[in-house]
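The sequence shown maps to residues 5 to 200 in the numbering used here. Even glycine gets a Cβ: it sits at the ideal position worked out from N, Cα and C. In this text, all values refer to a predicted model and were calculated from it rather than measured experimentally.
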Amino acid sequence: MGPLAPNGIISENTNFLLAFFIGIAFGWVLESSGFSSSRKLAGIFYGYDTVVLKVFFTGAITCMIGLLFMSLFGWIDLDLVYVNPTYLTSAIVGGVVMGAGFIMGGFCPGTSFTGAAIGKIDGMVFILGLFIGIYAFAFTYPLWEKMYMAKYLGEPKISQSLGMKDGLFGLLLILVALGMFAVAEWAERKFPREEY
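Here's what the structure looks like:
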C-alpha cells in the first residue's frame, strides 16, 4: 500500500530517483503545452489564452480522482500522504506576491525553469529574480517570522472543512472545473489576442 517511501516499499534514494524522472516528465509536459512562453502564461490574466487554467486544473482533477480510487481500492493510505501545513496569513500574502510576480514576469517558478531550459532569456532573468527573492527572504526572516507563522490552521482538507465526504467534494470540484472551462472558452472568444 502507498505511499511507497513512508511504508518502506522503496528506499529514500529510489524515491528521489523517481522524483527526478517525474520532474523531467513534468517539464516535458510543460514545454509541450507551450508553458515556456511568458505570453501564453500571462494570457490567463488577460483572458486571451486559458491553456494554463485548463492544463493545471485537469492535472489536479486527474490526481484527485486517482487518489480517491486508489484509496477506495486500498492501494494508498491517504493519512500518510504529506499535506503542507496551512498558515493563512502567509498563504494570502504569498499568493499576492506570487500572483504579482506571475503577471509581471510571465512565469511561475516551474515554468521559468522550463523557459530557461530551452534558452529563453526572460526565463533565466526570472530565475535570477527568484533566487534573489529567496535569499532576501532567508536573510530577513526574523523580520517576517511573526507574519509567516500567523493563523496556523493545521492540515485541513476542504472536504472536511465543509463537512462532506471526499467523493462528493470531488464530484462538485469536477463540476466547478467544467464550469470554469466553459467560462475560459468564452473569455478566449471575448478577448482575442491581437497579433502584431
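With 16 other Cβ atoms within 10 Å as the buried cut-off, status of residue i
{"i": "T144", "result": "exposed"}
{"i": "G137", "result": "exposed"}
{"i": "W32", "result": "exposed"}
{"i": "S42", "result": "buried"}
{"i": "Y200", "result": "Because Y200 sits at a pLDDT of 42, beneath the cut-off of 50, its placement in the model cannot be relied upon, and the following sentence gives the value as read from the coordinates. Exposed."}
{"i": "I122", "result": "exposed"}
{"i": "G103", "result": "exposed"}
{"i": "G27", "result": "exposed"}
Identity of the residue in the options nearest residue i by Cα
{"i": "S40", "options": "I26, G51, V55", "result": "V55"}
{"i": "E35", "options": "G127, L21, L82", "result": "G127"}
{"i": "G78", "options": "G6, G167, F130", "result": "G6"}
{"i": "L57", "options": "T66, P196, I96, M184", "result": "M184"}
{"i": "D170", "options": "R43, G51, G70, R193", "result": "G70"}
{"i": "I131", "options": "S94, D83, F111", "result": "F111"}
{"i": "G133", "options": "S116, S37, L147, G123", "result": "S116"}
Any non-hydrogen atom of the ligand SAH closer than 6 Å to residue i Cβ
{"i": "S116", "result": "In the structure shown, the ligand SAH is absent, as is every other ligand, since no ligand is present at all."}
Inter-residue Cα distance where the pair is residue i and residue j
{"i": "L166", "j": "E159", "result": "14 Å"}
{"i": "G174", "j": "A191", "result": "25 Å"}
{"i": "S75", "j": "V85", "result": "11 Å"}
{"i": "F135", "j": "G99", "result": "18 Å"}
{"i": "D53", "j": "K44", "result": "6 Å"}
{"i": "T66", "j": "Y152", "result": "31 Å"}
{"i": "I13", "j": "I48", "result": "41 Å"}
{"i": "I125", "j": "M108", "result": "15 Å"}
{"i": "Q164", "j": "L172", "result": "11 Å"}
Those residues which DSSP pairs with residue i across a bridge
{"i": "G6", "result": "I80"}
Whole-angstrom C-beta distance between residue j and residue i, which should lie under 8 Å
{"i": "K155", "j": "T93", "result": "5 Å"}
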